[in-house]
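First the structure, in the form of structure tokens, and then the observations on it.
In structure tokens, the structure reads:
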């Protein structure tokens, strides 16, 4: 079965949630795409970022499952 390529450029940008819980940023760094999730620590009131490398195969699988 041939897998269709997904254009990750369509996901680039930021998404802010109400009350800043959490803010999500997807960006390109060279040939790879990164996902940063920034949430506020309620105790210290500091922003805590966590960054992940986006794997194209994973995105294709998620959209295949979520698309009717």
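Residue numbers (our numbering): 13 to 80.
All C-beta atoms, glycine included, are put in the ideal place defined by N, C-alpha and C.
Quick caveat: nothing in here was measured; it's all calculated off a predicted structure.
{"query": "Look up residue 20 in the DSSP assignment and give the residues it is bridged to.", "result": "DSSP lists no partner for residue 20."}
{"query": "Within 10 angstroms of the Cβ of residue 45, are there 16 or more other Cβ atoms? Answer buried if so, exposed if not.", "result": "buried"}
{"query": "Looking at the unbroken beta strand (DSSP E) that takes in residue 63, where does it start and where does it end?", "result": "59-66"}
{"query": "Please report the residue range of the beta strand (DSSP E) in which residue 44 lies.", "result": "44-52"}
{"query": "Which residues bound the beta strand (DSSP E) around residue 30?", "result": "Run containing residue 30: none; DSSP gives neither H nor E here."}
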